[in-house]
Amino acid sequence: AQKVTQAQTEISVVEKEDVTLDCVYETRDTTYYLFWYKQPPSGELVFLIRRNSFDEQNEISGRYSWNFQKSTSSFNFTITASQVVDSAVYFCALRFNQAGTALIFGKGTTLSVSS
Amino acid sequence: NAGVTQTPKFRILKIGQSMTLQCTQDMNHNYMYWYRQDPGMGLKLIYYSVGAGITDKGEVPNGYNVSRSTTEDFPLRLELAAPSQTSVYFCASRGAQSGGSSYEQYFGPGTRLTVT
């Protein structure tokens, strides 16, 4: 089965706390791509990161970092020193290495950051 | 460069009415997609297209139709609107060429549809 699971439905933190959003995926393919998208209250989908299955290097971009571990089929997302503007729904998604294939999305995690 | 545009942004339909959601991309992408997003859920694929004249069903195609007569346009048709089709609809596109741009899906701003 091809599936993405985001077990955390909602997370609430206070500003400046660190927060980790979990993503677990299932696939039998050896080549695939993982993504994180942010959906702020305005509703648009904002691309955050793509990771190839053959590249397990962690990545840091400002306050954001991603931990990809094939051994546990996880692609977790950490926000350091969270801010109110980080409040949004965050989606993890999976795509296979075939022409035209679409994204398979998790159900999303709603992050609320209060001041 | 407008990216992916969708019209309308909002629409209220009565049960049984028909409408077409428009989607246009100006990036010369071969692949285009329609997703729907229900409250508390991730996006689910309705239909997709790998090029002009070629379309295929996704996970939730019932009640919808699509066509792809040009590379740029990928309209989604609702023939007999039902309350279960109340949702937010996103169109997306992706390039087929190798390189970084082929990996990312670009999303439109969405259409919020209510059927009453």
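Taken in sequence, the protein lines are chains H and L.
Just so we're aligned, residue 4 is where the first sequence starts under our numbering, counting upward by one.
Just so we're aligned, residue 180 is where the second sequence starts under our numbering, counting upward by one.
For glycine and all other residues, C-beta sits at the position ideal for the given N, C-alpha and C.
Of the residues the options, the one placed nearest residue i, counting alpha carbons only
i	options	result
Ala181/L	Thr203/L, Gly230/L, Arg256/L and Arg247/L	Thr203/L
Tyr285/L	Val49/H, Asn55/H, Tyr35/H and Glu13/H	Val49/H
Phe71/H	Ile14/H, Leu37/H, Val17/H and Thr113/H	Leu37/H
Ile225/L	Val239/L, Pro218/L and Leu259/L	Val239/L
Gln264/L	Glu251/L, Tyr214/L, His208/L and Phe253/L	Tyr214/L
Val92/H	Gly111/H, Glu29/H and Val17/H	Gly111/H
Ser115/H	Ser85/H, Gly109/H and Arg98/H	Ser85/H
Met309/L	Ser266/L, Ala271/L, Lys188/L and Ile194/L	Given that chain L is displayed from residue 180 to residue 295, the structure contains no residue 309/L and the question cannot be resolved.
Thr293/L	Tyr282/L, Tyr268/L and Ala275/L	Tyr268/L
Thr12/H	Gly65/H, Ala102/H and Leu24/H	Leu24/H
Ser76/H	Leu51/H, Tyr35/H, Ser118/H and Glu47/H	Tyr35/H
Thr30/H	Pro43/H, Ser118/H, Phe99/H and Gly109/H	Phe99/H
Ile63/H	Ile82/H, Ala4/H and Ser56/H	Ile82/H
Arg273/L	Gly289/L, Asn209/L and Arg291/L	Asn209/L
Ile52/H	Ala96/H, Gln101/H and Lys6/H	Ala96/H
Phe189/L	Glu18/H, Ser15/H and Gly46/H	Gly46/H
Status (buried if at least 16 other CB within 10 Å, exposed otherwise) for residue i
i	result
Asp235/L	exposed
Asp32/H	exposed
Ile107/H	buried
Phe94/H	buried
Arg54/H	buried
Met220/L	exposed
Ala261/L	exposed
Ile109/H	According to the sequence provided, residue 109/H is Gly. The question's Ile does not apply to it. Per the 10 Å Cβ criterion, buried.
Arg247/L	buried
Nearest-angstrom Cα separation, counted from residue j out to residue i
i	j	result
Asn233/L	Gly287/L	The question names Asn, yet the displayed sequence has Ile at residue 233/L. Looking at the two C-alpha atoms, the distance is approximately 21 Å.
Gln201/L	Ser74/H	42 Å
Met198/L	Leu257/L	5 Å
Gly279/L	Thr104/H	Because Gly279/L carries a pLDDT of 49, less than 50, the predicted location of this residue cannot be relied on, and no value is offered for it.
Gln196/L	Asn244/L	14 Å
Gln101/H	Ser118/H	44 Å
Ser68/H	Asn79/H	8 Å
Thr290/L	Glu251/L	18 Å
Proximal chain H residues relative to residue i, where beta-carbon distance stays under 7 Å
i	result
Gly221/L	Phe94, Phe108, Gly109, Lys110 and Gly111
Phe269/L	Leu48
Contacts that residue i makes with chain L (C-beta to C-beta distance below 7 Å)
i	result
Ala105/H	Tyr212, Leu224, Tyr227 and Gly237
Phe50/H	Glu283
Contact set between residue i and chain H, taken where Cβ atoms lie within less than 8 Å
i	result
Leu231/L	Leu is not the amino acid found at residue 231/L; the sequence shown has Ala there. By Cβ distance, chain H contributes nothing, its closest Cβ being about 13 Å from Ala231/L, past 8 Å.
Gln264/L	Per Cβ cutoff of 8 Å: no residues; Gln264/L is ~18 Å from chain H at best.
Pro288/L	Gly46 and Glu47
Neighbour list for residue i in chain H, Cβ cutoff strictly below 9 Å
i	result
Ala275/L	Ala102 and Gly103
At 3 residues or longer, and completely inside the region 45-99 of chain H: list those beta strand (DSSP E) runs for me, N to C. The qualifying runs are 49-55, 62-64, 67-72, 77-82 and 91-99.
Write down every uninterrupted run of the beta strand (DSSP E) in the region 214-241 of chain L whose length is 3 residues or greater and which is fully enclosed by it, in chain order. If we require 3 residues or more, the beta strand (DSSP E) runs fully inside the region 214-241 of chain L come out as 222-230 and 233-236.
Unbroken beta strand (DSSP E) runs of length 3 or more, entirely within the region 238-295 of chain L: which are they? Whole beta strand (DSSP E) segments, 3+ residues: 243-245, 255-257, 266-273 and 290-294.
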